[in-house]
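*Asks:*
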Amino acid sequence: MLLLLDTDYAEILERGLDYVEDEAQRFLVLRNFLLPEGLYHEKTCDVLVIIPQNYNQGGIDMFWTFPHLTRNDGKPIPAMNRPGGGDNRTFDGKEFCRWSRHWNHAPVIWKPGKDNVVTILGRIVWALGNPDAKK
687 MLLLLDTDYA EILERGLDYV EDEAQRFLVL RNFLLPEGLY HEKTCDVLVI IPQNYNQGGI
747 DMFWTFPHLT RNDGKPIPAM NRPGGGDNRT FDGKEFCRWS RHWNHAPVIW KPGKDNVVTI
807 LGRIVWALGN PDAKK
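Plus 686 on top of the position in the sequence shown (first one is 1) and you've got the working numbering.
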C-alpha cells in the first residue's frame, strides 16, 4: 500500500528528492535534504515524516531529522528534541530527532483534497529556514 498519491510521488521526483518509505511505520524519509546555507553546521539531513492514515484529509504536525541539527550561531532550536528525547523515531538504525511544529491551526489549516506533499515540503523548508518559530 502506497503512503502517498501518485501525483505526490511525481512532485517529489520532479524536485529531484531522494526518498525511501517504510509502509509498516508509515514513514516517508527524504534523504540528503538540503539545509539553508549558513544556518546549520550540517549541509544536509534526512527528514522523516509520518504520513497519517487519513492522508490527504489531514496534514502533518511534526517531522524528525537525522542527524540532530545544530545551529552555527550556537542557539538552541525551540521545540526540537535532542538525541534520547521523548518521541524521537528510529529508522534504518538512526535516531531521528523530533521537530514539533503545529501547522493545523488558523491561518494555515490543511485543505483536504487541495493540499498535498508539496504543502508538506513547503512546511518543512519553512521550519528549517525559521528554526526559532514554534508554529
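The beta-carbon is built from N, C-alpha and C at its ideal position, and this holds for glycine as well. If you're wondering where the values come from, they're calculated on a predicted model, not measured in any experiment.
Within the stretch 697-785, note down every full beta strand (DSSP E) run reaching 3 residues or more, in order along the chain.
*Replies:* 704-708, 713-720, 730-736, 748-752, 775-777
*Asks:* What residue range does the alpha helix (DSSP H) around Ala796 cover?
*Replies:* Checking the sequence shown, residue 796 turns out to be Trp, not Ala. It is not in any alpha helix (DSSP H) - Trp796 carries neither H nor E in the DSSP assignment.
*Asks:* Out of Thr730, Val706, Leu714, Lys729, which one is the CA nearest neighbour of Pro738?
*Replies:* Measuring from the Cα of Pro738, the nearest candidate turns out to be Leu714.
*Asks:* Can you name, in chain order, every residue of its own chain whose Cβ lies under 7 Å from the Cβ of Asn758, other than the five neighbours on each side?
*Replies:* Excluding sequence neighbours, Asn758 sits near Gly724, Leu725, Tyr726, His727.
*Asks:* I need the DSSP call for Leu666, collapsed to helix, strand or coil.
*Replies:* In the structure displayed, the chain extends from 687 to 821; residue 666 sits before or after that span and is not available.
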